[in-house]
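Report on the structure given below.
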Amino acid sequence: MSGNTTEKFSTRVENYKKYRPNYPGEVIHELLNYLPQNKALKVADIGSGTGIFTKCLMDAGFEVYAVEPNEEMRQSAEKDLSSNLKFHSINGTAEVSTLPEESIDLITAAQAFHWFSQEPTLKEFQRILKPEGLIAFLWNERDNDASLFLKEYELVLRESCPEYETSPHISIGKQEILNYIEEVSLEEFHFSNFQEFDHEGFIGRVLSSSYTPLPESPDFDSFIAKITKLFNKHQENGKVIIQYNTHLYLGRVLLPNFM
40 MSGNTTEKFS
50 TRVENYKKYR
60 PNYPGEVIHE
70 LLNYLPQNKA
80 LKVADIGSGT
90 GIFTKCLMDA
100 GFEVYAVEPN
110 EEMRQSAEKD
120 LSSNLKFHSI
130 NGTAEVSTLP
140 EESIDLITAA
150 QAFHWFSQEP
160 TLKEFQRILK
170 PEGLIAFLWN
180 ERDNDASLFL
190 KEYELVLRES
200 CPEYETSPHI
210 SIGKQEILNY
220 IEEVSLEEFH
230 FSNFQEFDHE
240 GFIGRVLSSS
250 YTPLPESPDF
260 DSFIAKITKL
270 FNKHQENGKV
280 IIQYNTHLYL
290 GRVLLPNFM
């Protein structure tokens with residue numbers, strides 16, 4: 040992760056923590072199906088942010104090393120999760136996690152791996168994973184075909200947010216996954232997910248994204264006006280629904296001789 044990437048969410052922490060979607064329970068269920076059941080397992084949650092998926096992992100019984108380079112996001116997770124003895128906060132990156140060699144049973148990256156620098160990250164994953172360790176990449180993707188509201192929301196983002204088209208999340212695909220995971224071992228799963236928001240919550244969800252204008256931007260007020268108009272057009276009983284497809288890719292780390 041570059042310095043600029045690391046700081047992208049510094050001013051968005053509260054909205055991120057409150058309004059980003061969680062992950063369906065099926066994600067943890069599938070992870071447990073592929074991991075040993077008879078021993079305590081250590082997970083490195085890379086790019087752990089405010090700890091949304093970290094908490095899911097700990098609730099499932101994993102000991103979690105939450106690796107997050109952004110100070111504000113890391114501190115938010117520490118405030119919420121430090122009372123749990125299974126939580127370990129690490130000031131590190133995907134490329135330099137600072138974790139010991141062959142110490143980790145499972146690496147997870149939830150809504151994060153599109154920010155990683157591929158080659159140094161792969162080397163770091165090879166270094167910290169145990170020989171039988173696994174990698175799991177997962178993310179929530181808006182299902183823009185699910186409603187007219189989401190189709191129009193997508194148009195507003197493309198028209199009003201110059202950084203949206205070039206955001207790394209746009210280019211996520213199976214080939215990007217295979218830059219880290221052996222194809223022969225790759226398993227993929229897809230689940231439905233959703234959030235329901237009132238006006239305040241919808242604005243918070245929108246502003247949690249790195250590509251939307253910040254309050255000091257000259258475009259901020261006009262952007263909020265467009266988002267509010269969209270909400271008012273599509274709300275039912277004061278609420279809108281954002282549907283997602285949750286993607287999970289799981290497998291063994293790509294070995295050096297396959298590179």
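Oh and the sequence shown: position 219 is 258 in our numbering, straight run, nothing missing. Using N, Cα and C, we set each Cβ at its ideal position, and we do this for glycine too.
C-beta atoms of residue i and residue j nearer than 8 angstroms
i: Asp144; j: Val103; result: no
i: Lys268; j: Ser199; result: no
i: Thr251; j: Phe262; result: yes
i: Gln150; j: Val292; result: no
i: Phe126; j: Ala148; result: no
i: Leu138; j: Ile167; result: yes
Cut-off 8 angstroms between Cβ atoms - residues of its own chain near residue i, not counting five sequence neighbours on either side
i: Leu189; result: Arg181, Asp182, Asn183, Ile281, Gln282
i: Tyr73; result: Leu173, Glu226, Leu289
i: Ser121; result: Ser128
i: Leu96; result: Ile67, Val82, Asp84, Val103, Thr147
i: Pro63; result: Phe230, Ser231, Asn232, Thr285
One or two residues paired with residue i in a DSSP bridge
i: Trp178; result: His286
i: Lys81; result: Glu102
i: Phe228; result: Leu287
i: Thr132; result: Thr132 pairs with nothing; no bridge assigned.
i: His127; result: Tyr104
Of the residues the options, the one placed nearest residue i, counting alpha carbons only
i: Glu158; options: Glu193, Ile216, Pro139; result: Ile216
i: Gly88; options: Ile220, Asn54, His286; result: Asn54
i: Phe152; options: Asn276, Tyr192, Leu287; result: Leu287
i: Lys94; options: Pro108, Ile67, Leu161, Pro75; result: Ile67
i: Glu140; options: Glu163, Ile85, Pro108, Glu191; result: Glu163
i: Lys118; options: Lys56, Ala175, Gly131; result: Lys56
i: Leu71; options: Ala175, Gly86, Gly131, Ser156; result: Ala175
i: Asp258; options: Pro75, Pro60, Pro201; result: Pro201
i: Thr50; options: Leu294, Ser142, Gly243, Leu80; result: Gly243
i: Thr132; options: Ser142, Leu124, Phe155, Asn123; result: Phe155
i: Gly86; options: Gly100, Val135, Ser186; result: Val135
Residues of its chain near residue i, where Cβ-Cβ distance is below 7 angstroms and the 5 sequence neighbours each way are ignored
i: Val52; result: Thr89, Glu111, Met112, Ser115
i: Tyr203; result: Leu196, Arg197, Tyr250
i: Phe270; result: His238, Phe241, Val279
Rounded separation between residue i and residue j - CA only
i: Glu107; j: Ile146; result: 13 angstroms
i: Leu161; j: Tyr219; result: 6 angstroms
i: Pro254; j: His273; result: 24 angstroms
i: Asn179; j: Ser247; result: 14 angstroms
Other residues of its chain near residue i: CB distance less than 6 angstroms, five sequence neighbours each side excluded
i: Gly277; result: Asp237
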